[in-house]
Amino acid sequence: MIEIKYPDNSRRVYESGVTAIEAMKGYTLPTDRALLAAEIDGVAVDLSTVLTSNVAINPLTFDSALGKEVYWHTSAHILAQAVQAVFPSAKLAIGPPIDTGFYYDFDFERPFTPEDLTRIEEEVHLIMKEDYPLKRIEFSQQDAIPVFQKRGEGYKVEIIESIDDPSVSMYQQGNFIDLCRGPHVSSTGQIGAFKVLSGAGAYWRGDERNPMLQRIYGVSFPTQKELDQHLILLEEAKRRDHRKLGKELGLFSVSEETGPGLILWHPKGAMVRHLIETFWREQHIKRGYEFVYSPHIARRNLWKQSGHLDFYQENMFAAMSVENNPYQLKPMNCPFHIMIYKSSLRSYRDLPLRWAELGTVYRYERSGVLHGLFRVRGFTQDDAHIFCRPAQLADEVASIIKFTFSTLRRFGFEYFEIFLSTRPDHAVGSDEDWQHATDSLKSALELLDISYTTDPGEGVFYGPKIDIKIRDVLGRAWQCSTIQLDFNLPLRFGLSFIGPDGKPHQPIMIHRALLGSVERFMGILIEHFAGAFPSWLAPIQVKVLTLGEAQTSYANDIMLQLAGHGLRAEADLRSEKMNLKIREAETAKIPYMLVVGDKEVTARTVSIRKRTKGQAGTMKLDTFIEMLKEEILEHSSSAITPTLSTNNSN
RNA sequence: GCUGGCGUAGCUCAACGGCAGAGCAGAGGUUUUGUAAACCUCAGGUUGUAGGUUCGAUUCCUAUCGCCAGCUCCA
107 MIEIKYPDNS RRVYESGVTA IEAMKGYTLP TDRALLAAEI DGVAVDLSTV
157 LTSNVAINPL TFDSALGKEV YWHTSAHILA QAVQAVFPSA KLAIGPPIDT
207 GFYYDFDFER PFTPEDLTRI EEEVHLIMKE DYPLKRIEFS QQDAIPVFQK
257 RGEGYKVEII ESIDDPSVSM YQQGNFIDLC RGPHVSSTGQ IGAFKVLSGA
307 GAYWRGDERN PMLQRIYGVS FPTQKELDQH LILLEEAKRR DHRKLGKELG
357 LFSVSEETGP GLILWHPKGA MVRHLIETFW REQHIKRGYE FVYSPHIARR
407 NLWKQSGHLD FYQENMFAAM SVENNPYQLK PMNCPFHIMI YKSSLRSYRD
457 LPLRWAELGT VYRYERSGVL HGLFRVRGFT QDDAHIFCRP AQLADEVASI
507 IKFTFSTLRR FGFEYFEIFL STRPDHAVGS DEDWQHATDS LKSALELLDI
557 SYTTDPGEGV FYGPKIDIKI RDVLGRAWQC STIQLDFNLP LRFGLSFIGP
607 DGKPHQPIMI HRALLGSVER FMGILIEHFA GAFPSWLAPI QVKVLTLGEA
657 QTSYANDIML QLAGHGLRAE ADLRSEKMNL KIREAETAKI PYMLVVGDKE
707 VTARTVSIRK RTKGQAGTMK LDTFIEMLKE EILEHSSSAI TPTLSTNNSN
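So for the first sequence, our numbering puts the first residue at 107; every next one is plus one.
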């Protein structure tokens, strides 16, 4: 007899040899989702798995990340089955689940066309309808190889040969067999709604020296409704693309003549950037930072001493010669801040030193990876370096984390995920240093009662780090903030401070960025707000719209008053219809429109229209100004709510 | 960088071997307008660039630059 423990802490006793699905019988799932697979002692398995010892069982449904993985993994198999049914010569490579669906790579003589994908999707639907059961078959490595050799699946043979385990498993559905660790859902009919998304080239094992395979992406959901919602989300993401909005709203451009990956900021985009940076600077002053500035180039030797030439050269632009001395465009700001540190003798009383700079750096990126503001060749880091004593580490890190959260919240981000990366295989610094540093990061996180995920071995070679990801309004995750400890540079540059004992000690250096890159952060903001910036960030906050020539002087008077309060306004005095003026202001995503006609001139009021929300009542200009100033101060976007106005009927 | 797709007016797109067009934007004019597009006229192009094939190339071929999707890497 064996005892099974359930997530609600209940226990039941079964005969040894019971299957997972039998053990789940009568257990009420927390959702009305179908049971897909099970997690036994933390490992995902098929429902047909035979249980022979005391275990903890956890049902897997589409609601959990693990459940989705299983679901999408099976979907990838269905995709592969369909592709081979339509194109028998296509050879299988790999087909894993990913964050938002799955893909499968095939060796095929040509790229798949959109027509191919349609044909494949039809076949997928047939396979779902046929409801083939997925059967797990265990083989020894030796026996498995001929199975795939016979099928001409060379990549599968290669994979089997690279597996350490002497026994391998494969899954069969209909006449389709794939090498696979599993687990899977029990039959192809369990997949509810399926969409073949796109095809693209991908290298075998991600290495460009290997042959190019044809990858097909897909996504699936239990219901058609969820699939439709997902597809709407994809459309919405396209609609919010910062490259498209950046052009439409006149924020920035990239020109072929200037060069790829180099951003030209137009007046409106530059205003938004200015507002971001001003806010950033104010916050830094409040939190005890000092500002430094550093040049864009430096002697190449500086980068030799820092070690960047050894480990970062492929991302650096080539050296330039200045009076026969090699100089280098900077890919990082840290060596400069270090030189400032070194410019005088430092006492332990001086520490921590917190030096911040919006430092523009230049990095060589391969042409194929450039992408709008997200991936560029020249960008501005919101950089800071903190030099402190080991004992100050935890406090410093804790205050950086708090600073990060408060800053990102002010930009409208609410959801954070925190990752702690520990020592990788190749690293500098002693075990002792790593231990202390990692413990300091942990205690900072625990001090603030923050839950986090540990990424073992994912730290940078010079020290452990904390990365913070935000989620935008579409639920997409972005990593902006990073806090990295560094033992390497202080060592390489021989940094020291004089301790209470009168002897030199080595400071620890913290590299940190809140926004990451101002360019990239701006891109994220554009997509997060769909270009409709909250009032505090909007390049133009108010547009005054006159009904006719009669209100021109009143409108100019309004403009003067708005400007006097530091508000950014434009007036539309043209002899155009109100509908057109409104349409253009809406398209420009200006938060507030002030409509003025003779009635407003007489009453010395303005009729307010809020972006996308419509009319928001008529009020005295002063009242509006006060409300807007309050809204800007709060960084909110909802101080003035639209009303169904009755006092301006016409 | 690699694989595939795409470069036509400021923008969005037609024409696909035979005189390069539309809408929006722009300029000039008419209209003085009450909450998301008034009307008329005009102007706007070495079809990314350089070669080639052809009687003739925006269209076909080659190279090159750029953009897009993906691979890889990362902020």
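Ideal placement from N, C-alpha and C gives every residue a C-beta, glycine not left out.
Can you list, in chain order, the residues of its chain with a C-beta nearer than 7 Å to that of residue i? Leave out the 5 residues immediately preceding and following it.
{"i": "histidine 348", "result": "Gly478, Leu479, Gly629, Ile632 and Glu633"}
{"i": "glycine 305", "result": "Pro217, Phe218, Leu223, Gln320, Arg321 and Ile322"}
{"i": "tryptophan 178", "result": "Pro203, Gly207, Phe208 and Ser326"}
{"i": "glycine 288", "result": "Asp152, Arg242, Ser275 and Tyr277"}
{"i": "lysine 735", "result": "His671"}
{"i": "isoleucine 265", "result": "Leu285"}
{"i": "histidine 617", "result": "Cys440, His491, Gln590 and Asp592"}
Excluding the 5 residues preceding and the 5 following residue i in the sequence, name in chain order all residues of the same chain whose CB lies nearer than 6 Å to its CB.
{"i": "valine 378", "result": "Leu643 and Pro645"}
{"i": "methionine 107", "result": "Val119"}
{"i": "alanine 636", "result": "Arg346"}
{"i": "serine 236", "result": "The identity of residue 236 in the sequence shown is glutamate, whereas the question assumes serine. Hits under 6 Å: none found."}
{"i": "phenylalanine 525", "result": "Thr559, Asp561 and Asp573"}
{"i": "leucine 551", "result": "Tyr558"}
Can you grab the Cα-Cα spacing for the pair residue i / residue j, in whole Å?
{"i": "glutamine 389", "j": "glutamate 396", "result": "11 Å"}
{"i": "leucine 771", "j": "asparagine 281", "result": "Outside the displayed span of the chain (107 to 756) sits residue 771, for which this structure offers no information."}
{"i": "isoleucine 556", "j": "threonine 544", "result": "15 Å"}
{"i": "isoleucine 200", "j": "aspartate 313", "result": "14 Å"}
{"i": "valine 54", "j": "arginine 529", "result": "There is simply no residue 54 to check, as the chain begins at 107 and stops at 756 in what is shown."}
{"i": "asparagine 115", "j": "aspartate 169", "result": "20 Å"}
{"i": "asparagine 421", "j": "arginine 469", "result": "5 Å"}
{"i": "serine 154", "j": "glycine 173", "result": "16 Å"}
{"i": "glutamine 585", "j": "isoleucine 110", "result": "40 Å"}
{"i": "arginine 150", "j": "asparagine 316", "result": "The sequence given here has alanine at residue 150, not arginine. Cα to Cα, the separation comes out at about 32 Å."}
{"i": "methionine 615", "j": "serine 602", "result": "11 Å"}
{"i": "threonine 747", "j": "valine 650", "result": "Note that threonine 747 scores 44 on pLDDT, short of 50, meaning its location in the model is unreliable; the coordinates nonetheless yield the value given after this. Cα to Cα, threonine 747 sits roughly 19 Å from valine 650."}
{"i": "glutamate 444", "j": "phenylalanine 423", "result": "Checking the displayed sequence, the identity of residue 444 turns out to be isoleucine instead of glutamate. Their backbone Cα atoms lie some 21 Å apart in a straight line."}
{"i": "serine 751", "j": "valine 624", "result": "Confidence is the limiting factor: at serine 751 the pLDDT is only 33, short of 50, which leaves the residue's position unreliable, though a coordinate-based value still follows. Between serine 751 and valine 624, the C-alpha separation is close to 41 Å."}
{"i": "serine 246", "j": "alanine 171", "result": "31 Å"}
{"i": "proline 562", "j": "glutamate 267", "result": "27 Å"}
{"i": "isoleucine 146", "j": "alanine 162", "result": "6 Å"}
{"i": "phenylalanine 522", "j": "isoleucine 446", "result": "34 Å"}
{"i": "glutamate 227", "j": "leucine 355", "result": "38 Å"}
{"i": "methionine 438", "j": "valine 467", "result": "6 Å"}
{"i": "tyrosine 418", "j": "serine 293", "result": "49 Å"}
{"i": "tyrosine 568", "j": "valine 475", "result": "26 Å"}
{"i": "glutamine 248", "j": "glycine 535", "result": "45 Å"}
Please tell me whether residue i and residue j are closer than 8 Å, where the distance is taken between their beta carbons.
{"i": "arginine 460", "j": "histidine 741", "result": "no"}
{"i": "alanine 675", "j": "leucine 668", "result": "yes"}
{"i": "isoleucine 243", "j": "methionine 276", "result": "yes"}
{"i": "proline 220", "j": "asparagine 164", "result": "no"}
{"i": "alanine 186", "j": "glutamate 229", "result": "no"}
{"i": "valine 398", "j": "glutamate 341", "result": "no"}
{"i": "isoleucine 63", "j": "arginine 717", "result": "No statement about residue 63 is possible, as the shown extent of the chain runs from 107 to 756 and does not include it."}
{"i": "glutamine 279", "j": "tyrosine 238", "result": "yes"}
{"i": "glutamate 737", "j": "serine 587", "result": "no"}
{"i": "leucine 435", "j": "isoleucine 507", "result": "no"}
{"i": "leucine 620", "j": "aspartate 537", "result": "no"}
{"i": "valine 712", "j": "threonine 724", "result": "yes"}
For the candidate residues the options, whose alpha-carbon lies nearest to that of residue i?
{"i": "lysine 448", "options": "Pro373, Ser292, Ile506 and Pro613", "result": "Pro613"}
{"i": "alanine 770", "options": "Lys716, Met665, Gly670 and Asp578", "result": "Examination of residue 770 is not possible in this model, given that the chain is present from 107 through 756 alone."}
{"i": "tyrosine 433", "options": "Asn439, Arg455 and Leu408", "result": "Leu408"}
{"i": "threonine 134", "options": "Leu597, Thr167, Ala583 and Val156", "result": "Thr167"}
{"i": "leucine 339", "options": "Gly563, Val151, Gly581 and Arg257", "result": "Gly581"}
{"i": "arginine 406", "options": "Gly608, Trp386, Thr384 and Asn430", "result": "Asn430"}
{"i": "glutamate 502", "options": "Arg483, Gln590, Leu415 and Gly535", "result": "Gln590"}
{"i": "glycine 484", "options": "Trp371, Phe385 and Ile492", "result": "Trp371"}
{"i": "leucine 368", "options": "Ala376, Ser359, Asp488 and Gly375", "result": "Ser359"}
Can you name, in chain order, every residue of its own chain whose Cβ lies under 8 Å from the Cβ of residue i, other than the five neighbours on each side?
{"i": "serine 122", "result": "Met107, Ile108, Leu157, Thr158 and Ser159"}
{"i": "threonine 329", "result": "Gly298 and Ala299"}
{"i": "histidine 542", "result": "Pro496 and Leu499"}
{"i": "lysine 197", "result": "Phe212, Asp213, Phe214, Gly258, Glu259, Gly260 and Tyr261"}
{"i": "leucine 653", "result": "Met684, Val701, Val702, Gly703 and Asp704"}
{"i": "histidine 611", "result": "Tyr454, Arg495, Ser602, Phe603, Ile604 and Gly605"}
{"i": "valine 707", "result": "Ala656, Gln657 and Tyr660"}
Threshold first: 3 residues or longer. Then list the beta strand (DSSP E) segments lying entirely within the segment 601-678, N to C. Considered as a whole, the segment 601-678 harbours 614-623, 648-652 and 675-678 as its complete beta strand (DSSP E) runs of no fewer than 3 residues, in chain order.
Fully enclosed by the segment 462-541, which alpha helix (DSSP H) runs are 4 residues long or longer? Look at the segment 462-541 and you find these whole runs of alpha helix (DSSP H), each 4 residues long or longer: 499-516.
Suppose only complete runs of 4+ residues qualify. What are the alpha helix (DSSP H) ranges in the segment 199-258, listed by chain order? Correct list: 220-236 and 247-256.
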